[in-house]
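Q: Sharing a structure, written as structure tokens. Questions coming.
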Amino acid sequence: MSTVLIVDDKEMLRDSVGVTLQRAGFGVVSAPGAEQALAIIARKKPDAVVTDLKMPKMTGVELLERIREFDADLPVILMTAYGTIDTAVKAMRLGAYTYLTKPFEGDELIVSVKRAIEHGRLKRENEVLRRSIEPTGAAGAGVDLPAGAGLDRLVGDSPAMRRLKDEIAAIAGSQGTALILGESGVGKEVVARAMHELSPRVAEPFLAVNCAALSETLLESELFGHEKGAYTGADQLRKGRFELADRGTLLLDEISEVSPKIQAKLLRALQERSFERVGSSLTIGVDVRVIATSNRTLEEEVARGEFRQDLFFRLNVLPLRIPPLRDRREDVAALAEHFIGSVCEREGRREKRLSASALELMRGYAWPGNVRELQNICERAVVLAPGETIEADLIRGWLGGPVVMVRPGLTPPAVNLPPRLRLAPVAESADADLNADATPTPPAIMNGAVRQLEEIERQAILEALDHFNGHRQKTATALGIGVRTLGLKLKKWKEDRLVPQTL
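Under the working numbering, the sequence shown has 1504 at position 493, and the numbering climbs by one with no breaks.
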């Protein structure tokens, strides 16, 4: 139900306008003056304001100017007498939606309010859409699963996936804060979107912020907004994601990367359901469901003193853990089929399929990059496979090392890779040596001892980084992983003092 704020110093007029709007199905709140109205707007966020023009202490135009200082989109309708039409027109130039000349009919009021609310809704949706595609580190590069809504986004029917779907369905309708845990690449944002689409907030915005991709200052502004002139470069008022996601869902991706200062502000926003923009003392109330994600164990972060315990308790109301792909390998076939089909459709290619040996090879792989790594492998295979069948020889070199291989006789695509990482042909025999120009996959056994998978992966990444002189984007592209995944791995290894701090 849309809510309308009525502002007038005359109680009889407030009641008359209120009754008319209530009969039309609107929720109504009222204020006897501008100061009280401003407090209500900050606290309750009405969908439209209907205010008298002439009021003591602060006129309707002055109220409009104050509203525009912190909300450029809230529709304001002015009620005016014949003698003040010129003033009302001037107010429209300042951002009023329209004006009603007293006396007016109830139908005229209802139509004006409906149009004003629809106008405000469209402006808000445009702002949400614009901000959701800005290159500001907002999450959005997650696993590309089906276009259907809700649980249809999740591919797989393994026992682990069925349990996950049951848990999502159970908590989606709650208003409580949810914490989604899982390794990088398991599809945490996909699960968050599914929860939003199954919730009562499905018609409202879903916005996401990648907390690991922004500096402290930028993240604070992105979350809470800022006033014009709040800092150098803040040349206009900017609403934050909390404000834009009002009545909807806000995803805080990689919450463990947030600084202590932002953690404190997030704690208050979750506790009080309110916040202040950067550079403002005005408290703004919001109704937002927060979903946070992390690829770390937050309890360990709390124990090390790197994450606030009280914020952890606020986030961990409805915990949800997504199993890694290696723990649900029964889903590899369905996921691979989906990704291959999607790429073929996107690229306008004939349908391709995995051979039995290729599928068996993929099922036996540990997938350290999880579903995202599988998606990358499938896309690469569709592009490079010479026929309608994707053979095991084509993908074998992509599983567990930086080597990129193609079958004999296949001309590799034009990719600007250095000699060590250029596409190298695979011999007909699976046991044959790799081309000498290619970087060999780090051996699993050295000096008679079996090496852990993480150690092998770390060596491969360090060698690739060295080859590209530390250039992360080129390294990530060559390895077939996301640059964010690479950065998170390096950060963890530096914290554990397993790699040089200069990386």
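From the three backbone atoms N, C-alpha and C, an ideal C-beta is built for every residue, glycine too.
Quick check on the DSSP output: the alpha helix (DSSP H) that includes ALA1245 runs from which residue to which?
A: Counting along the chain, ALA1245 falls outside any alpha helix (DSSP H), and DSSP gives it neither H nor E.
Q: What residue from ARG1079, LYS1276, THR1014 has the CA that sits closest to GLY1036's CA?
A: Looking at the Cα atoms, THR1014 is the closest of the given residues.
Q: For LEU1170 and SER1041, I'd like the C-alpha separation in whole angstroms.
A: The sequence shown places Pro at residue 1170, rather than the Leu named in the question. Distance between the alpha carbons of PRO1170 and SER1041: 54 angstroms.
Q: Where does VAL1201 fall in DSSP's three states?
A: Three-state DSSP puts VAL1201 in a helix.
Q: Indicate whether TYR1108 and THR1091 have their beta-carbon atoms separated by less than 7 angstroms.
A: Against a cut-off of 7 angstroms, the Cβ pair of THR1091 and TYR1108 comes out as no contact.
Q: Going by beta-carbon coordinates alone, are ARG1258 and ASP1298 separated by less than 7 angstroms?
A: Going by C-beta atoms, ARG1258 is nearer than 7 angstroms to ASP1298.
Q: How is SER1368 classed by DSSP in three states: helix, strand or coil?
A: Helix.
Q: Whole angstroms are fine: how far does the CA of LYS1101 sit from the CA of ILE1351?
A: Taking the straight line from one Cα to the other gives about 59 angstroms.
Q: Please state the DSSP three-state secondary structure of ALA1059.
A: Strand at ALA1059.
Q: If you run the structure through DSSP and keep just helix, strand and coil, what is ALA1487?
A: In the structure shown, ALA1487 sits in a helix (DSSP, three-state: H, G or I).
Q: Hey, would you say LEU1278 sits closer than 7 angstroms to ALA1203, going by beta carbons?
A: Going by C-beta atoms, LEU1278 is not nearer than 7 angstroms to ALA1203.
Q: The alpha helix (DSSP H) that contains PRO1271, what's its start and end?
A: Note, PRO1271: alpha helix (DSSP H), 1271-1283.
Q: Using a threshold of 7 angstroms, state whether the C-beta atoms of LEU1165 and SER1305 are closer than that.
A: No, Cβ-Cβ distance for LEU1165 and SER1305 is not below 7 angstroms.
Q: Mapping the DSSP letters down to three states, classify THR1400 as helix, strand or coil.
A: THR1400: strand per DSSP, three-state reduction.
Q: Name the two residues that bound the continuous alpha helix (DSSP H) containing THR1294.
A: Where THR1294 is concerned, there is no enclosing alpha helix (DSSP H), although the beta strand (DSSP E) it sits in stretches over 1294-1296.
Q: Would you mind working out which of LYS1125, ASP1063, THR1294, GLY1044 sits nearest HIS1237, comparing C-alpha positions?
A: If we check each option's Cα against that of HIS1237, THR1294 comes out closest.
Q: With DSSP run on the structure shown, which of helix, strand or coil describes ASN1306?
A: Three-state DSSP puts ASN1306 in coil, outside helix and strand.
Q: Looking only at C-alpha atoms, which of GLU1506, THR1488, ARG1495, VAL1510 sits nearest to LEU1473?
A: Closest by alpha carbon: VAL1510.
Q: Between the alpha carbons of VAL1494 and GLN1484, how many angstroms are there, rounded?
A: About 6 angstroms.
Q: Whether or not the stretch 1400-1411 and the stretch 1369-1379 are in contact is what I'm after, with contact meaning three or more pairs of Cβ atoms, one per stretch, closer than 8 angstroms; do they touch?
A: Yes, since at least three Cβ pairs between the stretch 1369-1379 and the stretch 1400-1411 fall closer than 8 angstroms, the two stretches touch.
Q: Helix or strand or just coil, what does DSSP make of VAL1510?
A: Here VAL1510 sits in coil by DSSP.
Q: My guess is that GLY1131 and GLU1208 are in contact by the Cβ rule of under 8 angstroms, so how many angstroms apart are they, rounded?
A: That belief does not hold up - the Cβ atoms of GLY1131 and GLU1208 are roughly 24 angstroms apart, past 8 angstroms.
Q: Classify THR1243: buried if its beta carbon has 16 or more other beta carbons within 10 angstroms, exposed otherwise.
A: Exposed, since its Cβ has fewer than 16 Cβ neighbours within 10 Å.
Q: Check the C-beta distance from VAL1122 over to ILE1088 and give it rounded, since I have them as a contact under 8 angstroms.
A: That belief does not hold up - the Cβ atoms of VAL1122 and ILE1088 are roughly 11 angstroms apart, past 8 angstroms.
Q: Can ASP1063 and ASP1019 be called in contact, C-beta distance under 7 angstroms?
A: Cβ atoms of ASP1063 and ASP1019: closer than 7 angstroms.
Q: Helix, strand or coil: which one does DSSP assign to PRO1334?
A: DSSP places PRO1334 in coil when its eight states are reduced to three.
Q: Exposed or buried, what is GLU1136 when buried is set at 16 or more other beta-carbons lying within 10 Å of its beta-carbon?
A: Exposed.
Q: Are the Cβ atoms of GLU1178 and LEU1331 separated by less than 7 angstroms?
A: Yes, the Cβ-Cβ distance between GLU1178 and LEU1331 is below 7 angstroms.
Q: May I ask you to list the residues that DSSP assigns as paired with ASN1221?
A: Looking at the DSSP assignment, ASN1221 forms a beta bridge with ASP1264.
Q: Please report the distance separating the alpha-carbon of THR1452 from that of GLU1348.
A: Reliability of the predicted coordinates at THR1452 is poor, the pLDDT of 45 falling under 50, and no value is obtained from them.
Q: Where does SER1210 land, buried or exposed, given buried means 16+ other C-beta within 10 angstroms?
A: Buried, since its Cβ has 16 or more Cβ neighbours within 10 Å.
Q: I'd like to check one pair, CYS1222 with GLU1268: are the Cβ atoms closer than 7 angstroms?
A: Result yes, Cβ atoms of GLU1268 and CYS1222 sit closer than 7 angstroms.
Q: What three-state label does DSSP hand THR1112 in the structure shown?
A: Strand, per DSSP.
Q: Alpha carbon to alpha carbon, how far is THR1228 from LEU1105? Give it in angstroms, no decimals.
A: So the two alpha carbons sit approximately 31 angstroms from each other.
Q: Output yes or no for whether 7 angstroms exceeds the beta carbon distance between PHE1253 and LEU1281.
A: Not in contact: PHE1253 and LEU1281 (Cβ atoms no closer than 7 angstroms).
Q: Given this structure, state the Cα-to-Cα distance separating ASP1507 from GLU1465, to the nearest angstrom.
A: Each residue's Cα considered, the two are about 13 angstroms apart.
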